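Note sheet for the following structure.
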Amino acid sequence: MKKIMEQYKDFKATFLYCDSCSGSMPVREKLLLILPDGYLFGYTCCNCGKVVGDKKVRLEEKDRILFWRR
Numbered sequence: 000m001k002k003i004m005e006q007y008k009d010f011k012a013t014f015l016y017c018d019s020c021s022g023s024m025p026v027r028e029k030l031l032l033i034l035p036d037g038y039l040f041g042y043t044c045c046n047c048g049k050v051v052g053d054k055k056v057r058l059e060e061k062d063r064i065l066f067w068r069r
């Protein structure tokens, strides 16, 4: 079961619903912030440029060393 869960650790959206375009539209993923506990991504509509969503990805333990405090 653990192997199956690892396959779906991170999703990347390719289409999301856009209110302005009134339908499911292709989106671009853009890194907005690097936070101590993860990365914040934003999704923008390729057709009109409106922000249609966001996603936070948690940092793996090996990556947290970058934010280690003394």
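The sequence shown lines up with residues 0 to 69 when you count with numbering that gives the first Met the number 0. C-beta atoms are modelled at their ideal positions from N, C-alpha and C, and glycine is treated no differently. Nothing here was measured: the structure is a model prediction, and the numbers come from that model.
Practice task
Specify the secondary structure class of K49 as computed by DSSP and reduced to three states.
Solution key: Here K49 sits in coil by DSSP.
Problem - Member of V51, C47 and N46 whose CA lies at the smallest distance from the CA of F40 - result: If we check each option's Cα against that of F40, V51 comes out closest.
Handout entry: C-beta atoms of Y42 and K55 nearer than 9 Å
Key = The beta carbons of Y42 and K55 sit no closer together than 9 Å.
Practice task
For R57, I'd like the list of residues in its chain whose CB is within less than 8 Å of its CB, leaving aside the five on either flank, ordered along the chain.
Solution key: Sequence-distant partners of R57 (beyond 5 residues in either direction) whose C-beta falls short of 8 Å from its own C-beta, in its chain, are D36 and G37.
Handout entry: 9 Å Cβ cutoff met for C70 and S23
Key = The first residue shown for the chain is 0 and the last is 69, placing residue 70 beyond what the model contains.
Problem - Distance between E59 and K11 (C-alpha atoms, nearest Å) - result: Cα-Cα distance, rounded: 17 Å.
Exercise for the section: Below 7 Å CB to CB, which residues in the same chain sit around R30 once its five sequence neighbours on both sides are set aside? Expected result: Before going further, note that residue 30 is Leu rather than Arg in the sequence given. Apart from sequence neighbours up to five positions away, the residues of its chain that approach L30 with a beta-carbon distance below 7 Å are Y38 and F40, ordered along the chain.
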